[in-house]
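The sequence shown runs contiguously to residue 285 in my numbering.
Just so it is clear, CB atoms sit at the ideal spot from N, CA and C, and this is done for glycine as well.
Please read all numbers here as calculations on a predicted model, not as lab measurements.
Okay, structure first, notes after.
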Amino acid sequence: MAGGQVQRPSMEIIIKPDYEAMSREAALIVGRVIREGPRPVIGLATGSTPEGMYHELVRQHRDEGLDFSRATTFNLDEYVGLAPDHPQSYHHYMRHHLFDHVNLNRDRTHLPDGLSEDIPAHCRAYEQAIVEAGGIDVQVLGIGSDGHIGFNEPSSSLGSRTRIKTLTQETIAANARFFATSEQVPRHVITMGVGTIMDSRFCLVLASGGAKADIVARAVEGPVTSMVPASALQFHPRCSLIIDEAAAAKLERAAYYRWIYDHKPDWQRV
Ligand code: F6R
Numbered sequence: 016m017a018g019g020q021v022q023r024p025s026m027e028i029i030i031k032p033d034y035e036a037m038s039r040e041a042a043l044i045v046g047r048v049i050r051e052g053p054r055p056v057i058g059l060a061t062g063s064t065p066e067g068m069y070h071e072l073v074r075q076h077r078d079e080g081l082d083f084s085r086a087t088t089f090n091l092d093e094y095v096g097l098a099p100d101h102p103q104s105y106h107h108y109m110r111h112h113l114f115d116h117v118n119l120n121r122d123r124t125h126l127p128d129g130l131s132e133d134i135p136a137h138c139r140a141y142e143q144a145i146v147e148a149g150g151i152d153v154q155v156l157g158i159g160s161d162g163h164i165g166f167n168e169p170s171s172s173l174g175s176r177t178r179i180k181t182l183t184q185e186t187i188a189a190n191a192r193f194f195a196t197s198e199q200v201p202r203h204v205i206t207m208g209v210g211t212i213m214d215s216r217f218c219l220v221l222a223s224g225g226a227k228a229d230i231v232a233r234a235v236e237g238p239v240t241s242m243v244p245a246s247a248l249q250f251h252p253r254c255s256l257i258i259d260e261a262a263a264a265k266l267e268r269a270a271y272y273r274w275i276y277d278h279k280p281d282w283q284r285v
């Protein structure tokens with residue numbers, strides 16, 4: 016289905032009552048891609064927002080036999096300088112929230128290597144590995160309060176590929192909650208580019224809470240601009256945003272998005 020025939024002319028906005036309902040809907044969609052694809056390739060995100068989705072995917076594996084054995088995964092990003100066993104590394108996050116609890120073949124889970132000694136070559140190899148896996152069927156994304164996707168901060172080229180980026184002070188401050196002090200937040204990351212993300216066959220963006228309401232509205236209803244990298248998704252042929260009521264609060268046309276969703280033909284439903 017992720018690589019199916021339906022080409023949506025616009026972003027699909029799915030408004031759910033709360034974080035739990037958002038997480039369940041996201042897991043339903045990702046679970047379906049995993050079930051239906053012969054060799055599903057899933058793009059993964061970290062951060063607070065997808066934690067509930069991972070929890071629900073683990074539950075589907077445990078209670079409903081969701082089989083991850085054919086799946087390949089690629090994460091969006093990793094901090095430069097953090098070893099995979101560092102508690103704040105995204106390698107550690109993924110083991111904790113998903114990999115340790117499902118039957119993924121670890122050889123087919125990929126994250127950028129924050130300790131790489133040749134970062135440009137590593138980034139090229141990461142891009143190549145995505146191509147060799149057949150491309151990403153569904154890319155899960157969160158959105159930063161400054162509009163970043165992956166760690167493509169404002170002013171990132173909308174055609175960018177996997178590379179090193181310097182985090183903005185806003186992102187460092189936002190992510191300081193995971194570290195003892197903000198000085199400990201690495202300044203650099205390796206991230207898939209906006210262009211890499213746009214190559215995914217399906218983008219699934221999650222956002223929850225009032226703190227994301229402004230940026231969700233700018234990304235969905237504002238102009239496409241590298242100042243809000245998530246706005247590039249307006250050009251994606253197949254992008255769904257699943258957001259809760261609080262994150263939807265500043266959308267001018269929320270009633271219209273609900274109307275569209277409620278009247279969606281069955282054949283268009285994921
Ligand atoms: C994480 C990532 C980031 C986060 C974003 C939102 O892999 O790529 O773009 O999705 O910073 O983070 P949370 O979900 O913590 O608000």
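Assumed close pair residue i, residue j - CB separation to whole angstroms, cut-off 8 angstroms
i	j	result
Gly46	Leu91	Going by Cβ atoms, the distance from Gly46 to Leu91 rounds to 20 angstroms, so no, they are not a contact pair.
Ser104	Met68	Ser104 to Met68, Cβ: 20 angstroms. No contact.
Asp33	Glu260	7 angstroms
Ile257	Lys31	6 angstroms
Glu27	Ser255	4 angstroms
Glu93	Leu119	In fact, because the Cβ distance is near 17 angstroms, the residues do not count as touching under 8 angstroms.
Val232	Ser246	In the sequence on display, residue 232 carries Ala and not Val. The Cβ separation is near 11 angstroms, so there is no contact.
Ile205	Val95	6 angstroms
Glu40	Ile57	No, Glu40 and Ile57 are not in contact; Cβ-Cβ is about 16 angstroms, not under 8 angstroms.
Arg192	Glu236	Rounded, the Cβ-Cβ distance is 28 angstroms, inconsistent with contact.
Residue i beta carbon near the ligand F6R (any heavy atom closer than 8 angstroms)
i	result
Asp229	no
Tyr105	yes
Pro127	no
Gly159	yes
Ile164	yes
Gly62	yes
Asn90	yes
Asn190	yes
Leu156	yes
Pro65	yes
Thr183	no
Thr177	no
Thr186	yes
Leu206	In the sequence on display, residue 206 carries Thr and not Leu. Result yes, Cβ under 8 angstroms from the ligand F6R.
Residue from the options whose Cα sits closest to the Cα of residue i
i	options	result
Met213	Asn167, Thr186, Glu198 and Ala188	Asn167
His251	His106, Leu219 and Arg176	Leu219
Ala188	Lys180, Met207, Ala262 and Gln199	Gln199
Gln143	Asp229, Leu72, Pro99 and Thr177	Thr177
Cys138	Pro169, Ile151, Ser241 and Lys180	Lys180
Thr211	Val95, Ser175 and Glu132	Ser175
Phe83	Asp128, Arg50 and Pro99	Arg50
Gly165	Arg268, Met207, Ala228 and Leu221	Met207
Thr61	Glu132, Glu267 and Phe114	Phe114
Gln75	Leu43, Ala226, Asp133 and Asp277	Leu43
Ser215	Glu132, Ile145 and Ala226	Ile145
Gly52	Ala86, Glu66 and Gly225	Ala86
Ala226	Ala191, Ser171, Gly237 and Gly162	Gly162
Glu66	Met109, Asp133 and His278	Met109
Cβ-Cβ distance between residue i and residue j below 9 angstroms
i	j	result
Val209	Leu59	no
Val153	Val48	yes
Gly157	Thr88	no
Leu182	Pro244	no
Ala263	Tyr272	yes
Val73	His107	no
Phe194	Arg253	no
Ala148	Arg54	yes
Gly150	Pro201	no
Lys265	Ala222	no
His116	Arg77	yes
Pro135	Met242	no
Gly159	Thr196	no
Gln249	Ser25	yes
Closer than 9 angstroms to chain B by CB, residue i
i	result
Asn90	Looking at the structure shown, chain B is missing, and only one protein chain is on hand.
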